[in-house]
Amino acid sequence: MNIPVSFATRRTAIAPLLRPRLPASLLAGLLAIGLAESSPAAAQGKLDARYEATLAGIEVGKGAWVIEITDDGYAAAANGATSGVLQAFSRGSGSGEAQGRIVNGQFAPMNYKATTTSAKKIETIRITLANGNVKDSSIEPEQPPDADRIPVTDAHRRGVVDPMTGSFLRVPGTGDLMAPDSCRISTPIFDGRMRYDLRLEYKRTEMVKAEKGYQGAVLVCGIYFTPVSGYIPDRAAIKYLTEQRNMEVWLAPIAGTRVLVPFRLKIPTPLGNAVLQATQFVTTATPPKSASRTQ
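For the sequence shown, the residue numbers in the numbering used here are 43 to 337.
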């Protein structure tokens, strides 16, 4: 998921489900909330979610997100498209996927791919990672050089996660999964174009009920964006995001795991609040592979 897309923008469709594209898409990235150290205990679960994007209360996009977490790896896939009133003006769609291993209880991303399609072009971003470092990345078609863009250095490609993996927040230990401290974290993100940090701070706890699936508590965290490289400082979208203090992500658990993922995302815009809201959030705990083999 990526943000500040003005939610479903003229090029992309839905937030965390699509690749970041400034200013049309930091959504997945702003949802990229980080990895914390966790206990090595195995935990498995699946998420099958559907989301609706609105701008000032008007539907502009729909999407789906499927995540599977096993005892030694994970995979996630998402897709979205413009819908509602936005289709009358501009059609766009996008898809993304990420895979990785779980090593000593931590996510270790390996591959990330995201494609966005508009009436004018198709763009594909690929990232390969190992041990938290970017080994290779590409954007097709290549973006033209811009002297005003702050360069992404080799140092900026180390110790990072991709946007989709970053959208999972893994809570360490065995304590209360929904404790306020679960929200307090900062994450380094590389989305193929930009390197930025996303910091979360606890705001409150809410109760939610999806049309299908999850009902219960969510952690509401404030999101704070700090660009590092790969961006043009004079861009209005960058300045707006950096100064914004009212962005929120609502995090809900995946059953059978200590992983929280976005249930709702809110980003204020000059046209009204852009909101990504889960309409379906079905999570299922699955037994560890070792347990399955012994049965």
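We put the CB at the ideal spot given by N, CA and C, even for glycine. These numbers come from a predicted model, not from an experiment.
Query, Result
"Per DSSP, which one or two residues make a beta bridge with Q86?", "In the DSSP output, where bridge partners are listed per residue, Q86 has none listed."
"Tell me where the alpha helix (DSSP H) around M236 begins and ends.", "Where M236 is concerned, there is no enclosing alpha helix (DSSP H), given that its DSSP letter is neither H nor E."
"I'd like to confirm the pairing. Which residues does DSSP put opposite E139 in its beta bridges?", "A119, K155"
"Identify the continuous beta strand (DSSP E) that holds Y266 and give its terminal residues.", "257 to 271"
"Three-state secondary structure (DSSP) at E165?", "strand"
"From G264, A252, R300, I164, pick the residue whose C-alpha is nearest to that of T284; which is it?", "G264"
"I need the DSSP call for T340, collapsed to helix, strand or coil.", "This structure leaves residue 340 out entirely; the chain is present only between 43 and 337."
"On a CA-only basis, which of D276, G174, S125 is nearest K104? Give me that one, please.", "S125"
"Considering Cα atoms alone, identify which of G298, Q257, D239, Y154 is closest to P269.", "D239"
"Leaving out five residues before and five after D188 in sequence, what residues of the same chain have Cβ atoms less than 8 Å from its Cβ?", "I274"
"Locate the alpha helix (DSSP H) running through G105, then write down its first and last residues.", "First-last for G105: 100 to 111, but that is the beta strand (DSSP E), not the alpha helix (DSSP H)."
"Just reading off the alpha helix (DSSP H) that T182 is part of, what are its end residues?", "The residue you asked about is not Thr; residue 182 is Glu in the sequence shown. Unbroken run through E182 is the beta strand (DSSP E), 175 to 182; no alpha helix (DSSP H)."
"Any chance you could list the alpha helix (DSSP H) runs of at least 4 consecutive residues sitting entirely within the stretch 192 to 242, in chain order?", "205 to 208"
"Ordered along the chain, which non-local residues of its own chain (more than five positions away) have a Cβ less than 6 Å from that of T321?", "R92, E94, E253"
"Is V47 helix, strand or coil by DSSP?", "Below a pLDDT of 50, predicted positions are generally treated as unreliable, and V47, at 29, falls in that range; the measurement from the model is reported next regardless. Correct three-state label for V47: coil."
"List the endpoints of the continuous alpha helix (DSSP H) containing I274.", "That residue, I274, is in no alpha helix (DSSP H); it is neither H nor E in DSSP."
"Tell me the DSSP secondary structure of T284 in three-state form.", "helix"
"Give the secondary structure of G147 by DSSP, where H, G and I count as helix, E and B as strand, and everything else as coil.", "coil"
"Tell me the rounded alpha-carbon separation between G272 and S135.", "24 Å"
"Can you tell me whether A118 is buried or exposed, with buried defined as 16 or more other CB within 10 angstroms of its CB?", "buried"
"Can you say whether G201 is buried or exposed, counting buried as having 16 or more other CB atoms within 10 angstroms of its CB?", "exposed"
"Buried or exposed for D276, please, with buried defined as at least 16 other CB atoms from any protein chain shown within 10 angstroms of its CB.", "exposed"
"Tell me the residue span of the beta strand (DSSP E) that contains T311.", "301 to 311"
"May I have the straight-line CA-CA distance separating A120 from D190, to the nearest angstrom?", "32 Å"
"Is Q322 near the ligand GDP, going by C-beta to nearest heavy atom under 7 Å?", "Only the bare structure without any ligand can be found here, which leaves the ligand GDP out of the picture."
"Just to confirm before moving on: does the CB-CB distance between Q86 and I111 stay below 8 Å?", "yes"
"Using a 10 Å radius around the Cβ and a threshold of 16 neighbouring Cβ atoms, would you call Q185 buried or exposed?", "exposed"
"Around the C-beta of R287, are 16 or more other C-beta atoms found within 10 angstroms, so that it is buried, or is it exposed?", "exposed"
"If you count every other CB in all the chains shown that lies within 10 Å of the CB of A156, and 16 or more means buried, which is it?", "buried"
"Between F210, M152, G215, which has its C-alpha nearest N175's C-alpha?", "M152"
"Between the stretch 288 to 306 and the stretch 206 to 217, are three or more C-beta pairs nearer than 8 Å?", "yes"
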